[in-house]
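Taken in order, these protein sequences are the chains called X and C. For the first sequence, the residue numbers in this note's numbering are 1 to 112. For the second sequence, the residue numbers in this note's numbering are 113 to 224. Ideal Cβ positions, reconstructed from N, Cα and C, are used throughout, including at glycine. These numbers come from a predicted model, not from an experiment.
2 protein chains.
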Amino acid sequence: MKAELLKGHLDALLLAALESGPRHGYAVMEALRESTGGQLDLPTGTIYPALHRLEAAGLIAGSWSVVGGRRRRCYVLTEAGRKALSGRRADWRDFAAVISAALEGAPWPSTA
Amino acid sequence: MKAELLKGHLDALLLAALESGPRHGYAVMEALRESTGGQLDLPTGTIYPALHRLEAAGLIAGSWSVVGGRRRRCYVLTEAGRKALSGRRADWRDFAAVISAALEGAPWPSTA
DNA sequence: GTCCATATGTAGCGGTCCTACTTATGAACT
DNA sequence: AGTTCATAAGTAGGACCGCTACATATGGAC
Numbered sequence: 001m002k003a004e005l006l007k008g009h010l011d012a013l014l015l016a017a018l019e020s021g022p023r024h025g026y027a028v029m030e031a032l033r034e035s036t037g038g039q040l041d042l043p044t045g046t047i048y049p050a051l052h053r054l055e056a057a058g059l060i061a062g063s064w065s066v067v068g069g070r071r072r073r074c075y076v077l078t079e080a081g082r083k084a085l086s087g088r089r090a091d092w093r094d095f096a097a098v099i100s101a102a103l104e105g106a107p108w109p110s111t112a
Numbered sequence: 113m114k115a116e117l118l119k120g121h122l123d124a125l126l127l128a129a130l131e132s133g134p135r136h137g138y139a140v141m142e143a144l145r146e147s148t149g150g151q152l153d154l155p156t157g158t159i160y161p162a163l164h165r166l167e168a169a170g171l172i173a174g175s176w177s178v179v180g181g182r183r184r185r186c187y188v189l190t191e192a193g194r195k196a197l198s199g200r201r202a203d204w205r206d207f208a209a210v211i212s213a214a215l216e217g218a219p220w221p222s223t224a
């Protein structure tokens, strides 16, 4: 998976990874890896700055804790984050439909 | 449609627009607009440089002509372009499956 | 005679992800 | 005791790529 394709879609993925409950950055990374069967293996240099952006935007809220001697920054979806996530999901469906239409001539495989 | 999302996918769209036959830049633009029901309306500053890139990469071949007093640069898919297109289509399906998996927990709506 | 659709093009901006590197702890293995 | 690896977080700088804004030119409509 060429990761440059990800441009613009990363935020949605991170928000989605936090939907089921609070997670720290490293755990978000692993959650994405697992939910995609290892196909999406993002480097820390992508994850952490992106989480900082989302926090600055008020979509997630972070708090420090120490577990087993290691400091962790744990993130939770804010109310705004939850709304943003559903917006991003809708955006993704629209986007995928448009690209599929242009590429295949049909909105989805086995639809319509 | 926020167009930044397009990053990395544009080449595939342009190649697809040329699959059914030769077209000049302006026509490619219109073909994409029509094949997506007007949802994908790319500016000329996006189309032309991208076509130049594809030509430089040997995926399309361009030639000048004059029709009705207006000069046109008409592009055709090369053999390499045809192969690239099918690769890009496969990439798109993989990419869409991965993002859908991470976003929705399922590869496609109403699949599997 | 002006305006719009057609037709092509470039320069530079901005956003965003990646590469490469740094720091730190705990556990395992030798 | 020392090395190595997984865990955990971070930054700086670069590269890529589509967009905005602008420039140029013709033909037809009004």
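Residues of chain C with a Cβ closer than 9 Å to the Cβ of residue 83 (chain X) do not exist; the shortest Cβ-Cβ separation is about 15 Å. Within the stretch 164-185 of chain C, no residue has a Cβ lying closer than 7 Å to any Cβ of chain X. Under the Cβ distance rule, residue 23 (chain X) does not count among the residues neighbouring chain C, no pair being separated by less than 9 Å.
Spanning the alpha carbons of residue 89 (chain X) and residue 14 (chain X) requires a straight line of approximately 12 Å. Of C:121, C:174, C:194, the smallest CA-CA separation from residue 185 (chain C) is found for C:174.
Here residue 42 (chain X) carries a coil assignment [DSSP, helix/strand/coil].
Close CB contacts of residue 18 (chain X) within its chain, under the 8 Å cut and outside five residues either way in sequence, are with 28, 60, 75, 76, 77, 81 (chain order). Burial is judged here by how many other beta carbons sit within 10 angstroms of a residue's own beta carbon; residue 210 (chain C) has at least 16 and is buried. In the assembly as shown, residue 70 (chain X) is an exposed residue. Its beta-carbon has fewer than 16 other beta-carbons within 10 Å. From the listed residues C:143, C:114, C:137, the smallest Cα separation to residue 101 (chain X) is found for C:143.
A residue is called buried once 16 or more other Cβ atoms fall within 10 Å of its Cβ, and residue 153 (chain C), having fewer, is exposed. At a cut-off of 9 Å between beta carbons, residue 36 (chain X) contacts chain C. With a cutoff of 9 Å on beta-carbon distance, residue 94 (chain X) and residue 54 (chain X) are scored as not near each other.
Across the structure, residue 156 (chain C) and residue 137 (chain C) are spaced so that their CA atoms are roughly 8 Å apart. Listed by position along chain C, the residues whose Cβ is nearer than 9 Å to that of residue 16 (chain X) are 214, 215, 216, 217. In this model, residue 133 (chain C) and residue 121 (chain C) are separated by some 20 Å (Cα to Cα).
A Cβ of chain C is located within less than 9 Å of the beta carbon of residue 96 (chain X). Residues of chain X with a Cβ closer than 9 Å to the Cβ of residue 116 (chain C) are, in chain order, 7, 8. Going by DSSP, residue 209 (chain C) is part of the alpha helix (DSSP H) stretching over 191-216.
In the displayed model, residue 164 (chain C) falls within a helix according to three-state DSSP.
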